[in-house]
Amino acid sequence: MADRKALQVEMISAHPGPVPGHGVQRNLEVCKLVDTTTCIGCKACEVACVEWNDMPFSPTTFDNTYQTMPETRWNFWNLIKFNEHQKEDGTIQWLMRKDQCMHCADPGCLAACPADGAIVKYANGIVDFNQENCIGCEFCISGCPFNIPRFNPETKRVYKCTLCSDRVGEGLEPACIKACPTGCLKFGTKDDMKFIAEERAKQLRENFGIEKAGVYDPQSVGGTHVIYVLHDATDPERYGGLPKNPEIPWSYTVWKWLFKPVLGTFALFGLLGVCLHYVTAGPRRTQPEPPRKGERNG
Amino acid sequence: MASAVERFDDKASETFESVGRTTVYRGELLRHPVYSRALHWMVALFFFLALFSGFGIYLPWLFRWFTPIFGGGQLLRAMHPWFGLGFVVFFGLQALNWLQPMIWTPADSNWMRNMKKIVSSEEKMEAPDTGFFNAGQKVQFWEIVGGCTAYLITGIILWVGAPTFGRILVAISYVIHDISALIMLGGIFIHIYESTFGQPGTFQSMTRGAVSEAWAWTFHPAWYKQMTGRDPVQACEEARRQMTTGNKP
Ligand code: HEM
Ligand code: SF4
Ligand code: SF4
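Sequence lines, in order, name chains A and B. With numbering that gives the first Met the number 0 applied, the first sequence corresponds to residues 0 to 297, in that order. With numbering that gives the first Met the number 0 applied, the second sequence corresponds to residues 0 to 248, in that order.
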């Protein structure tokens with residue numbers, strides 16, 4: 000993991016106090032662009048991901064579609080989701096979407112995680128899990144609007160796409176980008192990718208008559224560092240459940256940062272209360288009490 | 000239903016009684032039989048295991064110094080649900096065991112209205128209609144019954160996880176789970192205080208199982224009357240007289 004030190008950290012899960020080293024250097028935000036209109040479903044990226052990350056074999060399943068398995072797995076982070084869509088004129092359209100961590104600007108996984116340093120967000124936008132700090136509570140799974148983190152019951156830790164932080168830290172592009180034969184995957188700064196994506200969507204609308212073509216970069220999570228060009232940006236759900244308005248539950252924001260510490264302190268009032276009772280009102284003794292020293296009758 | 004529970008309880012009590020031992024000396028009353036005591040300490044053991052392992056999940060950055068006791072964060076997280084389950088199961092048995100003396104009565108409503116005087120030690124003795132458990136103990140008992148139900152439902156949702164129950168249900172469940180734990184934690188401080196330093200003489204009811212008659216007429220007069228047939232106030236006055244004359248040289 001030494002190579003990851005090249006990346007500047009911006010956010011740390013459940014970390015009290017400031018983030019060390021943050022803001023020392025200017026950092027460009029990186030971004031992966033996935034153009035679903037030129038993906039041919041060859042799955043080179045799937046293989047490249049498994050190869051580069053040295054992951055153990057994961058058996059594939061066949062369900063009469065062009066999808067390798069139903070969902071990503073702890074050792075399979077990059078899955079081409081295949082969906083058939085019937086258009087208004089009755090013809091069938093094949094939708095291929097590369098499903099992986101979106102590297103959200105506001106990561107729900109990080110907000111949900113209670114373990115200090117189990118999830119970090121680098122200044123370049125990459126969200127990464129540090130398994131050595133992960134306690135396997137699986138809160139991140141419910142915090143993530145894209146259903147990405149995966150629990151490995153054997154190591155009792157959670158895994159997901161790293162956006163090849165180890166490669167990016169060394170100035171290389173992610174493995175999936177390198178493997179893609181059609182150029183449907185691109186990697187660069189967020190600004191550049193956003194620009195190319197918008198241009199491509201415009202081209203689709205104006206030159207190909209695909210009127211609803213657009214870019215998917217959901218602002219409800221502050222934008223993502225993986226963005227899509229979609230044939231129909233008004234209905235991302237049809238691409239294998241891409242949420243239209245990804246959201247982080249309030250309990251991971253308000254509850255965790257405000258009420259958790261405040262109510263936790265409140266419970267300690269029980270302790271304070273009984274101590275105060277002991278020194279003020281004092282214990283209740285069985286009756287009759289023996290007469291006190293110096294009292295008459297004594 | 001009720002009779003089935005009683006029969007099952009009776010048999011367990013008998014078995015526990017033949018294994019354990021309770022000595023009641025003269026001037027004492029049997030308070031808690033072996034069965035109740037065994038359950039109580041199993042409840043307490045699993046409660047604290049669940050509580051401390053729970054802390055390690057609640058705020059790992061604050062509590063990670065004791066996660067190694069449980070074998071590290073991951074093992075702690077994996078064991079916590081089992082501790083919780085143990086707590087709920089043993090408390091469930093205890094709840095069946097104590098259901099009858101825990102039923103709320105008009106005397107308890109009076110106690111609640113009187114609480115300020117009792118807590119401030121203004122009234123040295125409990126009201127004469129305070130039975131086997133007082134209203135404060137009953138409130139704690141029913142709080143734990145409610146808390147256990149909340150724990151069990153939300154705990155299972157958190158255990159099985161978001162892939163089955165959906166992320167919103169999990170996000171809500173953990174808040175309820177936490178609140179339930181915090182209320183119980185606050186209550187346990189009071190409970191431990193009342194049964195040790197706050198009311199000297201109480202602790203032995205859960206260890207040896209017997210209490211002094213004086214303890215009984217002071218804190219549970221109606222129960223004292225039921226057990227001995229004597230009037231608690233009179234008994235107390237008698238003891239006071241004896242104490243003062245006995246002290247004369
Ligand atoms: C070290 C910790 C504890 C001590 C010293 C302690 C002591 C006692 C004692 C002496 C009694 C008998 C009271 C009586 O006879 O009137 C009692 C009752 C009881 N205990 Fe505990 N206990 C402890 C922990 C717990 C825990 C963790 C729980 C459950 C979460 C619990 C639940 C109860 C309940 C429900 C009763 C009956 C009602 C009451 O007396 O409040 N106890 N305990
Ligand atoms: S399972 Fe997820 S939320 Fe829990 S500690 Fe690991 S990374 Fe954080
Ligand atoms: S997609 Fe999910 S796992 Fe990836 S950064 Fe966003 S919230 Fe975290």
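Using N, Cα and C, we set each Cβ at its ideal position, and we do this for glycine too.
query	result
Cβ of B:P248 within 8 Å of any chain A Cβ	The pLDDT assigned to B:P248 is 46, lower than 50, so where the model puts this residue is not dependable; a value taken from the coordinates is nonetheless given after this. False, the Cβ-Cβ gap to chain A never drops below 8 Å.
Reduced DSSP secondary structure (H/G/I, E/B, other) of A:D98	strand
Contacting positions in the segment 116-135 of chain A - beta carbon closer than 9 Å to chain B	G116, A117, N132, C133, I134 and G135
A:V225 vs A:M54 beta-carbon contact at 8 Å	no
Integer-rounded CB distance, given that B:T129 should sit under 8 Å from B:H219	6 Å
Cβ neighbour criterion (16 or more within 10 Å) applied to A:Y215	buried
Sufficient close CB pairs (3 or more, under 8 Å) joining the segment 249-268 of chain A to the segment 166-176 of chain B	yes
Residue closest to A:E70, alpha-carbon to alpha-carbon, out of A:G170, A:P148, A:L257 and A:R283	A:P148
Where B:Q136 falls, given that 16 or more other Cβ within 10 Å makes a residue buried	buried
Three-state secondary structure (DSSP) of B:M111	helix
Neighbour-count burial assignment, B:Q233, 16 or more Cβ in a 10 Å radius	exposed
Interface partners of A:F265 on chain E, CB under 8 Å	The question asks about chain E, but that chain is absent: this structure's protein chains are A and B.
B:A209 - containing beta strand (DSSP E), residue span	A209 to S211
Cβ of A:G281 within 8 Å of any chain B Cβ	yes
Residue interval of the beta strand (DSSP E) (run including A:K120)	I118 to Y121
Proximity test, Cβ basis, 8 Å: A:V18 and chain B	no
Boundaries (first-last residue) of the alpha helix (DSSP H) holding B:M41	V33 to Y57
Identified DSSP bridge partners for A:W93	A:E83
Against chain A: residues of the segment 48-73 of chain B by CB proximity under 9 Å	G55, I56, Y57, L58, P59, W60, L61, R63, T66, G71, G72 and Q73
Chain B within 8 Å of A:F268, Cβ atoms only	yes
Within chain B, partners of A:W254 - CB distance below 7 Å	V174
Near ligand 4: A:M10 beta-carbon under 7 Å from a heavy atom	As far as ligands go, the structure on display features ligand 1, ligand 2 and ligand 3 and does not contain ligand 4.
Contiguous alpha helix (DSSP H) assignments of at least 4 residues, all confined to the segment 221-286 of chain A	259-278
Cβ pair B:Q93, B:H31 closer than 8 Å	no
Neighbourhood of B:K115 by C-beta distance below 6 Å, restricted to the same chain and skipping five residues each side	none
Residues, ordered as in the chain, of the segment 64-76 of chain A that lie near chain B by beta-carbon distance below 7 Å	none
Where B:R30 sits in the DSSP three-state scheme	coil
Where B:Q241 sits in the DSSP three-state scheme	helix
8 Å Cβ cutoff, A:R284 in contact with chain B	yes
Residue ranges of each alpha helix (DSSP H) within the segment 22-72 of chain A, 4 or longer	43-51
Outcome for A:G20 when other beta-carbon atoms lying within 10 angstroms are tallied against a minimum of 16	exposed
Contact residues within the segment 237-252 of chain A, judged by C-beta distance below 7 Å to chain B	P248, S250 and Y251
Same chain, Cβ closer than 8 Å to B:D8, five either side skipped, listed in chain order	Y34, L95 and N96
Residue nearest to A:C108 in terms of C-alpha spacing, selected from A:E131, A:E137 and A:Q85	A:E137
A:C38, buried or exposed, once every other Cβ within 10 Å from all chains shown has been counted against 16	buried
Minimum C-alpha distance to A:P282 - residue among B:I191, B:F69 and B:R166	B:I191
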